[in-house]
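Participant: Protein chains in written order, with the working numbering: chain A, 1 to 352; chain B, 353 to 704; chain C, 705 to 1056.
All C-beta atoms, glycine included, are put in the ideal place defined by N, C-alpha and C.
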Amino acid sequence: MFLRNCWYVAAWDHELIDGRLIARTLLGDNLLLFRGDSGKATILDDRCPHRGALLSNGRLEGDAVRCMYHGLKFDGTGRCVQIPGQDLIPPKMRVRSFPVVERDHLVWFWPGDPAKADPSQIVDFPYLSDPGWKGIPAYLHYDANYMLIVDNLSDLAHLAFVHKNTLGGSEEYAFVTKPVGVERLERGFRLERWHMNIDAPPFHRKVIADKAAKLDRRNRVNMHIPGIFYMETLFAPAGAGAEKGLVAGAREYRNCQFMTPETERTTHFFWSYLNNFEGADSTISHSLLNSLIEGFMEDKAIIEQQQKTLDADPHFQMLAIMADAPLAHFRRVMEKLIAAEQAAAPATGTHA
Amino acid sequence: MFLRNCWYVAAWDHELIDGRLIARTLLGDNLLLFRGDSGKATILDDRCPHRGALLSNGRLEGDAVRCMYHGLKFDGTGRCVQIPGQDLIPPKMRVRSFPVVERDHLVWFWPGDPAKADPSQIVDFPYLSDPGWKGIPAYLHYDANYMLIVDNLSDLAHLAFVHKNTLGGSEEYAFVTKPVGVERLERGFRLERWHMNIDAPPFHRKVIADKAAKLDRRNRVNMHIPGIFYMETLFAPAGAGAEKGLVAGAREYRNCQFMTPETERTTHFFWSYLNNFEGADSTISHSLLNSLIEGFMEDKAIIEQQQKTLDADPHFQMLAIMADAPLAHFRRVMEKLIAAEQAAAPATGTHA
Amino acid sequence: MFLRNCWYVAAWDHELIDGRLIARTLLGDNLLLFRGDSGKATILDDRCPHRGALLSNGRLEGDAVRCMYHGLKFDGTGRCVQIPGQDLIPPKMRVRSFPVVERDHLVWFWPGDPAKADPSQIVDFPYLSDPGWKGIPAYLHYDANYMLIVDNLSDLAHLAFVHKNTLGGSEEYAFVTKPVGVERLERGFRLERWHMNIDAPPFHRKVIADKAAKLDRRNRVNMHIPGIFYMETLFAPAGAGAEKGLVAGAREYRNCQFMTPETERTTHFFWSYLNNFEGADSTISHSLLNSLIEGFMEDKAIIEQQQKTLDADPHFQMLAIMADAPLAHFRRVMEKLIAAEQAAAPATGTHA
């Protein structure tokens, strides 16, 4: 059960090139993504209503797509515009199309009621198109429900144990730091953790010159429905007063992550890890890309195992600890929104 | 749900050689096929009634088979004739046997009530044993319900898009030809399509001398329950009057295909593509075998994907176009026969 | 549905070395086995109650284990003893622990109500630690319910057909031998079969000097709930009166096998095949290990296929023959014990 009246990331914009017909499952629906010759990004049901063949195995013709089983042709609104050997086209011969907005190099789509699709609800990510920030748009696939990834990102204490040798740097992180300023929002939360006078964690040490310097580390997390995460990370010289706003000499990162359900048990994970201190080449971006993948693989092993464990015993109830307050809030927000949507409308968005 | 009181192809006769015990699933039943020493083809349940071991892992002894778990022996009627270490054999210790008829190099079997098995209902295929026609008996396995293959064969318009570069030759086929003479039969249908003044399609061009000659093409389809297909194909010199019966200089093919359900989601596909203009060697037969496999692989990719699409959404209802009239008729015929059989008898044929 | 108030073999004792955290499913429960620094063998639920991560992916700390997702630590009784960043530990934050007893190199565990775990119910296997008997502790995994393996071992007639060329030696075994002295016990059965004046079966011939000598063979089987098997095998010179107790010059084997359900459809099979005539090296033990594996593989193919056959048709009812009397008795014993346990308590053993 997903929240459908909501914007989700469907793709990076660079995926829609060269007239490719991309088959992608989003929120349980098998969809077709393409950019027509006019440049417009289009998302349709990936299933010919005639005999069920995949339109993604079809042929792009302008802004339309032709099914290559019996030749039916559909325009970008999903309407059938040609049936070979037949003059009359029944109005029911059509596929669903979905509202699409491209912004900040992301292709957003709205899987719910098209009449409610309001682009002003899209969360902006100006860093992704700001030349002052460099990063590499990337993707991972998870064999787990997207909320398990949201949970993982909501509790930074896991850095201490899961990522000790990659993104975390020390088990101390779980014992001596606590979230400060957890802020419960109507559609998400914000939280902040400081770790003072530490060695640089491995991923950061790889891209800085003075590898022995002591640092103060701040992680500021933003989580927004349905699974939109960004984290502002700062490493400042230890004791220089970063916690009071004195951030001269600091290095900063912007961690942008977009969880889009593929199915109830699998997730598309779009992400980019940006820095503001890269030179003319991309050495730092490439190092960070590798470090982040290394860290995500540590998460992925645990999260995908969690999914198996939950599947194996549907009666298992997870027990919260105090650090789970933000994720518990976020789950309540999602449950309320989904319940309200279900009360107001049928479970599956349909649009003639 | 299958029609059980009906003849199906279980095997090519050349498969039953050398005392092989063949395990084959037919209409959802796990069966054992073999030819005993007397030459008689036999089909039994492939499951020892004692502990459920496979008889196909047993040993042929004359016209009987011995289970190699505890040594029980069953004759060709399915009766247990020996239990090692035990004198009395309970009458319940037996397996089902099925009526079998060999004809035209095909092994036909009747999965329903044996009392109703009437060999005169078997469709004859004299071409398969006529020395004037040459072809190679062949087999493909489909991961799809057999009716999806029947559908595919019922609508020749797909030749235009699926087989443009193999069996079809031109997308024009879907636009300028229409079925003529669709004939609805009590247990199937006949239809005919003409395509005038065309280039030879690739599969035919490979086996003729004058590759540039314009041709008139006729496809005449016969479909019979439960999934018995044959098509008479003719290529005549363009404009010579083939449509009026003037077929001097024509090349002809006979396309014989037998769809037998393995399970609800998989199919045995027996076929032979015959020609009447082959010389002493088998060059043309081999070329046609390869061309047909090439074409069937194009179908198989679409049909197996269709099965996945239908499995993924049981609520999906296919929408008919005008060219679907024959397949819609055939599906109605099958549904009526199955409904009548279900009303009259239990769902699974049992015979003591 | 398993009998839970009963001792089962969980492991050979040599498996619990080097601080390994072993993930093993037993009776459908995903469990963690380890030997702590104090030497004590421990079995816990392999699932952190916080977010469901596997404790077997955690870290051994003394006699405790730490989850490496968020750092919660559990002692050998299953109690949580540390939550990083949190002082108060809720009493509900714990995992199940299970009674464990080590004896005869076997690690026995009790999956039911711990209050009922009485070590005096464990069946002794003194051969396993007697220097007069040599063998190699071994393991096989079966994709089949454990009772199908029990069935197999309860009917020695299968030696004739399944193991003719390995453990059996002759199909005659099924025809001329019958169980003598079948003894129905409250928690199992005993039976005995004699085969007089025979050639040595292949596995035995490999390890004796006079390969042509005629022998009398006795197999004496003991089966005990839930799936504890041992067989005393004796080969004596033919006609020397072994059946009257004159066993001078006999060679003897002890066949110890322990079937522990992994799931309803898979089984852990611990075994050791011991002999009392080995010299200083292990040549005979290694030969017997190989011969027994060869024989078990013959069983495994049949038994795993049986499982598939039963899964394919839940309506299939096996039909007994006379040789099935012991296995029928054993199945009734198990059914009665399980029914009594279900009547007295909930289906799953829980212990706070």
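(1) Taking only the alpha-carbon atoms, compute the straight-line gap between valine 65 of chain A and aspartate 75 of chain A and give it to the nearest angstrom.
(2) Would you verify that the beta carbon of glycine 391 of chain B is, or is not, closer than 8 angstroms to some beta carbon of chain C?
(3) Buried or exposed, going by whether 16 or more other CB atoms sit within 10 Å of the CB of glutamate 278 of chain A?
(4) In chain order, what residues of the same chain have a beta carbon less than 6 angstroms from the beta carbon of threonine 702 of chain B, not counting five sequence neighbours either side?
(5) With C-beta atoms as the reference, is phenylalanine 555 of chain B less than 8 angstroms away from serine 481 of chain B?
(6) Strictly below 7 angstroms CB to CB, what residues from chain A border methionine 548 of chain B?
(7) Where tyrosine 712 of chain C and leucine 736 of chain C are concerned, what is the direct C-alpha to C-alpha distance, given to the nearest angstrom?
(8) May I ask you to list the residues that DSSP assigns as paired with asparagine 959 of chain C?
(9) Give the C-beta separation of leucine 167 of chain A and proline 201 of chain A to the nearest angstrom, bearing in mind that I take them to be a contact with Cβ-Cβ under 8 angstroms.
(10) On the DSSP bridge assignment, give the partners of alanine 280 of chain A in chain order.
(11) If contact means a Cβ-Cβ distance below 9 angstroms, which residues of the stretch 99-127 of chain A contact chain B?
(12) Please state whether DSSP places proline 823 of chain C in a helix, a strand or coil.
(13) For methionine 611 of chain B, would you say it is in contact with chain C, using Cβ-to-Cβ distances shorter than 8 angstroms as the test?
(14) Out of A/Phe296, A/His224 and A/Ala160, point me to the one whose CA is closest to valine 176 of chain A's CA.
(15) Secondary structure at lysine 688 of chain B, three-state DSSP: helix, strand or coil?
(16) Under 8 angstroms Cβ to Cβ from phenylalanine 1020 of chain C, same chain only, skipping five residues before and after it: list those, please.
(17) Within 8 angstroms, do at least three Cβ pairs link the stretch 448-458 of chain B to the stretch 1023-1040 of chain C?
(18) Between histidine 547 of chain B and lysine 530 of chain B, what straight-line distance do the alpha-carbon atoms span, to the nearest angstrom?
(19) Using a C-beta to C-beta distance shorter than 7 angstroms, which residues of chain B count as neighbours of threonine 987 of chain C?
(20) Go through the stretch 871-905 of chain C residue by residue and report every complete run of the alpha helix (DSSP H) that reaches 4 residues or more, in order.
(21) Going by DSSP in three states, valine 911 of chain C sits in which element: helix, strand or coil?
(22) Would you check if the distance between the CB atom of leucine 407 of chain B and the CB atom of arginine 399 of chain B is smaller than 8 angstroms?
(23) Output the distance between the C-alpha atoms of glycine 591 of chain B and methionine 649 of chain B, rounded to the nearest integer angstrom.
(24) So what's glutamine 86 of chain A in DSSP terms, helix, strand or just coil?
(25) For glycine 597 of chain B and phenylalanine 682 of chain B, I'd like the C-alpha separation in whole angstroms.
(26) Ordered along the chain, which non-local residues of its own chain (more than five positions away) have a Cβ less than 8 angstroms from that of arginine 265 of chain A?
(27) Do you know offhand how far phenylalanine 34 of chain A's Cα is from aspartate 365 of chain B's?
(28) Please state the DSSP three-state secondary structure of arginine 751 of chain C.
(29) Could you tell me whether the Cβ of lysine 178 of chain A comes closer than 8 angstroms to any Cβ of chain C?
(30) Can you find a C-beta in chain C that's less than 8 angstroms from the C-beta of proline 436 of chain B?
(31) For valine 884 of chain C, count the other beta carbons within 10 Å of its own beta carbon; 16 or more makes it buried, fewer makes it exposed. Which is it?
(32) Please report how far the alpha carbon of glycine 521 of chain B lies from the alpha carbon of threonine 260 of chain A, in whole angstroms.
(33) Is it buried or exposed, glutamine 1009 of chain C, if we count other Cβ atoms within 10 angstroms and call 16 or more buried?
(34) Check the Cβ of lysine 73 of chain A against every Cβ in chain B and list those closer than 8 angstroms, keeping chain order.
(35) Would you check if the distance between the CB atom of lysine 214 of chain A and the CB atom of arginine 205 of chain A is smaller than 8 angstroms?
(36) Please state whether DSSP places threonine 350 of chain A in a helix, a strand or coil.
Facilitator: This is what the structure gives:
(1) Along the first sequence, one-based indexing puts residue 65 of chain A at 65. Along the first sequence, one-based indexing puts residue 75 of chain A at 75. Spanning the two alpha carbons is a distance of roughly 6 angstroms.
(2) As a working mapping, residue 391 of chain B is identified with position 39 in the second sequence. Judged by the 8 angstroms Cβ criterion, glycine 391 of chain B is not in contact with chain C.
(3) Sequence index remark: in the first sequence, residue 278 of chain A carries index 278 (1-based). The residue in question, glutamate 278 of chain A, is buried, as its Cβ has 16 or more Cβ neighbours within 10 Å.
(4) Counted from its first residue, the second sequence places residue 702 of chain B at position 350. Residue confidence for threonine 702 of chain B is low, a pLDDT of 43 falling below 50, so the modelled location carries little weight; the figure read from the coordinates is stated next. Excluding sequence neighbours, threonine 702 of chain B sits near nothing in its chain.
(5) Here residue 555 of chain B refers to the residue found at position 203 when the second sequence is read from its first residue. Here residue 481 of chain B refers to the residue found at position 129 when the second sequence is read from its first residue. No.
(6) Residue 548 of chain B sits at position 196 when you count from the first residue of the second sequence. When 7 angstroms is used as the limit between beta carbons, methionine 548 of chain B is near no residue of chain A, the shortest such separation being about 15 angstroms.
(7) Your numbering for residue 712 of chain C matches position 8 in the third sequence. Your numbering for residue 736 of chain C matches position 32 in the third sequence. Looking at the two C-alpha atoms, the distance is approximately 15 angstroms.
(8) For the purposes of this step, residue 959 of chain C is taken as residue 255 along the third sequence, with counting starting at 1. When DSSP reads this structure, asparagine 959 of chain C sits in a beta bridge with C/Met935 and C/Tyr977.
(9) Residue mapping note: residue 167 of chain A aligns to position 167 of the first sequence, counting from 1. Residue mapping note: residue 201 of chain A aligns to position 201 of the first sequence, counting from 1. With a contact defined as Cβ atoms closer than 8 angstroms, leucine 167 of chain A and proline 201 of chain A qualify at about 6 angstroms.
(10) Translated into the one-based positions of the first sequence, residue 280 of chain A becomes position 280. Under the DSSP definition of a beta bridge, alanine 280 of chain A lacks any partner.
(11) Residues of the stretch 99-127 of chain A with a Cβ closer than 9 angstroms to any Cβ of chain B: none.
(12) Taking the first residue of the third sequence as 1, we reach residue 823 of chain C at position 119. In the displayed model, proline 823 of chain C falls within a helix according to three-state DSSP.
(13) Residue mapping note: residue 611 of chain B aligns to position 259 of the second sequence, counting from 1. For methionine 611 of chain B, the nearest beta carbon of chain C is not closer than 8 angstroms to its own beta carbon.
(14) Working through the first sequence from its first residue, we reach residue 176 of chain A at position 176. Measuring from the Cα of valine 176 of chain A, the nearest candidate turns out to be A/Ala160.
(15) Residue mapping note: residue 688 of chain B aligns to position 336 of the second sequence, counting from 1. Lysine 688 of chain B: helix per DSSP, three-state reduction.
(16) Translated into positions along the third sequence, residue 1020 of chain C becomes position 316. If you ignore the 5 residues before and after phenylalanine 1020 of chain C, its C-beta comes within less than 8 angstroms of the C-beta of Thr1013 and Leu1014, all in its own chain and listed in chain order.
(17) Result no; under three Cβ-Cβ pairs closer than 8 angstroms.
(18) Within the second sequence, numbered from 1, the residue matching residue 547 of chain B stands at position 195. Within the second sequence, numbered from 1, the residue matching residue 530 of chain B stands at position 178. Using only the alpha carbons, I get a separation of about 9 angstroms.
(19) The sequence position of residue 987 of chain C within the third sequence is 283, counting from 1. Contact note: threonine 987 of chain C does not reach chain B at a C-beta cutoff of 7 angstroms; the least C-beta distance is about 32 angstroms.
(20) Secondary structure within the stretch 871-905 of chain C: the alpha helix (DSSP H) runs of 4 or more consecutive residues, fully enclosed, are 876-880 (chain order).
(21) Position 207 of the third sequence holds residue 911 of chain C. Coil.
(22) Against the second sequence, residue 407 of chain B aligns to sequence position 55. Against the second sequence, residue 399 of chain B aligns to sequence position 47. Remark: C-beta atoms of leucine 407 of chain B and arginine 399 of chain B approach each other more closely than 8 angstroms.
(23) The sequence position of residue 591 of chain B within the second sequence is 239, counting from 1. The sequence position of residue 649 of chain B within the second sequence is 297, counting from 1. So the alpha carbons of these two residues sit roughly 33 angstroms apart.
(24) Reading the first sequence from its first residue, position 86 is the one you call residue 86 of chain A. Strand at glutamine 86 of chain A.
(25) Within the second sequence, residue 597 of chain B is the residue found at index 245, counting from 1. Within the second sequence, residue 682 of chain B is the residue found at index 330, counting from 1. Approximately 29 angstroms, taken between the alpha carbons.
(26) As a working mapping, residue 265 of chain A is identified with position 265 in the first sequence. So the list reads Asp143, Ala144, Asn145, Gln307 and Asp311, once near-sequence residues are dropped.
(27) Reading the first sequence from its first residue, position 34 is the one you call residue 34 of chain A. Reading the second sequence from its first residue, position 13 is the one you call residue 365 of chain B. The C-alpha of phenylalanine 34 of chain A lies about 50 angstroms from the C-alpha of aspartate 365 of chain B.
(28) Start at 1 with the first residue of the third sequence, and residue 751 of chain C comes out as number 47. In the structure shown, arginine 751 of chain C falls within a coil segment according to DSSP collapsed to helix, strand and coil.
(29) Working through the first sequence from its first residue, we reach residue 178 of chain A at position 178. Residue contact with chain C for lysine 178 of chain A: present (Cβ-Cβ distance below 8 angstroms to some residue of chain C).
(30) Mapped onto the second sequence, residue 436 of chain B falls at position 84. At a cut-off of 8 angstroms between C-beta atoms, proline 436 of chain B counts as an interface residue with respect to chain C.
(31) Translated into the one-based positions of the third sequence, residue 884 of chain C becomes position 180. By the neighbour-count definition (other C-beta atoms within 10 Å, threshold 16), valine 884 of chain C is an exposed residue.
(32) Position 169 of the second sequence, counted from the first residue, corresponds to residue 521 of chain B. Position 260 of the first sequence, counted from the first residue, corresponds to residue 260 of chain A. Straight-line spacing of the CA atoms in glycine 521 of chain B and threonine 260 of chain A works out to 43 angstroms.
(33) Against the third sequence, residue 1009 of chain C aligns to sequence position 305. By the neighbour-count rule (16 or more Cβ atoms within 10 Å), glutamine 1009 of chain C is buried.
(34) The residue you call residue 73 of chain A lines up with position 73 of the first sequence. Residues of chain B passing the Cβ test: none, with the nearest at roughly 11 angstroms.
(35) As a working mapping, residue 214 of chain A is identified with position 214 in the first sequence. As a working mapping, residue 205 of chain A is identified with position 205 in the first sequence. With respect to the 8 angstroms criterion, lysine 214 of chain A and arginine 205 of chain A are not classified as neighbours on the basis of their beta carbons.
(36) Translated into the one-based positions of the first sequence, residue 350 of chain A becomes position 350. A caution first: threonine 350 of chain A carries a pLDDT of 43, below 50, which makes its placement in the model too unreliable to give a value.
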